[in-house]
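Here the sequence shown stands for residues 39 to 327, numbered as in my numbering.
Backbone N, C-alpha and C define an ideal beta-carbon position, used for all residues, glycine too.
Small disclaimer: the values here were computed from a predicted structure and weren't measured.
Report on the following structure.
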Amino acid sequence: MNGDWLAQGRRVCVSYRTGIHMPQLHIQLLPGFSADHEQAVTDYLAGGRLSRKTWRKTFEAFDLLDEAVLLSDTGRRTFRELYEQVVESRFADAFLRELIALRDVRGQSLELWARYARRISEEFVQRGWKMPDVPETRLLLGYLLYWWRAFALGYAFEVEVFHDLQQSGVAFQAHNLLDHQQRRSRSDLIVSGMAGDIKTSAYFVQVAAAPIHDFYIVRLTAGGHEHVLVAMLQPLAWDRMDGDTVEADLSAVAGLLPGPVRIRERGHELIVIDYADWKRRMLHLQGGE
39 MNGDWLAQGR
49 RVCVSYRTGI
59 HMPQLHIQLL
69 PGFSADHEQA
79 VTDYLAGGRL
89 SRKTWRKTFE
99 AFDLLDEAVL
109 LSDTGRRTFR
119 ELYEQVVESR
129 FADAFLRELI
139 ALRDVRGQSL
149 ELWARYARRI
159 SEEFVQRGWK
169 MPDVPETRLL
179 LGYLLYWWRA
189 FALGYAFEVE
199 VFHDLQQSGV
209 AFQAHNLLDH
219 QQRRSRSDLI
229 VSGMAGDIKT
239 SAYFVQVAAA
249 PIHDFYIVRL
259 TAGGHEHVLV
269 AMLQPLAWDR
279 MDGDTVEADL
289 SAVAGLLPGP
299 VRIRERGHEL
309 IVIDYADWKR
319 RMLHLQGGE
């Protein structure tokens with residue numbers, strides 16, 4: 039695939055045979071989608087370990103592909119619409135029912151995610167979208183699998199956190215994952231009147247606008263430490279707990295835990311504490327309520 043014409047947002051025309059009828063597929067990419075973004079998608083599909091720099095480019099690539107368009111005999115649909123129609127509407131509810139029923143979410147959720155990912159890949163082939171001689175179609179496959187992974191592993195982490203909070207005795211109210219409206223609610227859970235969100239990475243801190251939740255429970259990878267669980271609190275939420283903090287960059291947080299760390303990203307301030315410490319503080323706070 040030539041990155042020069044990709045960067046110009048031209049269309050990719052794909053034909054395939056189904057009996058005597060020969061419909062055509064046209065894939066239209068945004069002008070900002072570059073050869074580097076294409077390579078990031080290829081690297082993601084290869085399944086190897088990605089560097090932090092490559093992950094950043096990967097996030098950019100799949101965000102840009104939201105508005106990529108598939109034109110066919112059946113109409114015009116963006117990649118985002120295809121994901122919602124072909125993947126989420128067909129597989130989400132069944133996956134979540136199985137996820138919630140797992141006895142060991144951490145140990146079993148990866149296999150559950152992978153099983154559904156294989157079904158999505160099979161659906162991709164059955165629809166005639168897999169064309170090895172036309173590498174552009176891999177962008178759509180990569181997009182569908184990327185967002186399915188984000189969906190499946192994101193909710194697996196949510197369920198894992200909900201189970202842990204329940205076992206720890208922290209009082210909370212979680213949204214109902216099997217209710218479509220609640221699943222799309224602004225917050226994942228409420229703890230002592232504070233609205234929280236659960237994140238599988240801290241990427242949102244670096245790219246989002248001002249944080250909208252009182253706190254975040256985050257699986258943090260930084261400073262060579264993997265899967266460090268932390269809570270990130272807005273200053274007003276931290277004021278309910280209080281305590282001294284040290285200031286540092288996000289990249290240095292993991293090495294400074296379990297003590298509270300104050301970070302500033304994109305002009306916004308958050309206090310990061312060890313997840314176990316946050317639970318302890320919440321239990322103390324709830325005991326006094």
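List, from N- to C-terminal side, the beta strand (DSSP E) runs of 3 residues or more that fit wholly inside the segment 247-277.
253-260, 263-271
Under the assumption that Trp-185 contacts Ile-158 (Cβ atoms under 8 Å), give the Cβ distance between them as a whole number of angstroms.
That pair is no contact at about 10 Å.
Closest to Val-208 by C-alpha separation, out of Ile-250, Glu-160, His-322, Arg-176, would be which residue?
His-322
Excluding sequence positions up to five away, which residues of its chain have a Cβ less than 7 Å from the Cβ of His-306?
Ala-248, Pro-249
Count the other C-beta atoms from every protein chain shown that fall within 10 angstroms of the C-beta of Ser-147, then say buried if there are 16 or more, exposed otherwise.
Burial of Ser-147 is indicated by the presence of at least 16 other C-beta atoms within 10 angstroms of its C-beta.
Return the chain-ordered list of same chain residues with a C-beta closer than 6 Å to the C-beta of Arg-304, the five sequence neighbours on each side being excluded.
Short of 6 Å from the beta carbon of Arg-304, and not among the five residues preceding or following it, lies no beta carbon of its own chain.
Which of the three DSSP states, helix, strand or coil, is assigned to Ala-212?
strand
Where the beta strand (DSSP E) through Met-232 begins and ends:
232-237
By how many angstroms is the C-alpha of Leu-63 removed from the C-alpha of Asp-111?
8 Å
Kindly indicate which three-state DSSP category Leu-177 falls into: helix, strand or coil?
helix
I need the straight-line Cα distance from Ala-84 to Leu-274, nearest angstrom please.
Distance between the alpha carbons of Ala-84 and Leu-274: 43 Å.
Considering only the beta carbon of each residue, do Arg-318 and Leu-216 sit closer than 8 Å?
no
State whether the segment 97-115 contacts the segment 163-181, with contact taken as three or more CB pairs (one from each stretch) at a distance under 8 Å.
yes
Does the pairing of the segment 123-134 with the segment 189-197 give three or more beta-carbon distances under 8 Å?
yes
So, is Ala-139 buried or exposed, given that buried needs 16 or more other C-beta atoms within 10 angstroms?
exposed
C-alpha gap between Tyr-154 and Val-163, whole angstroms
14 Å
Helix, strand or coil for Gly-113, going by three-state DSSP, please let me know.
strand
Rounded straight-line distance, which links the Cα of Val-243 to that of Ile-228
Per the coordinates, the alpha-carbon of Ile-228 lies some 20 Å from the alpha-carbon of Val-243.
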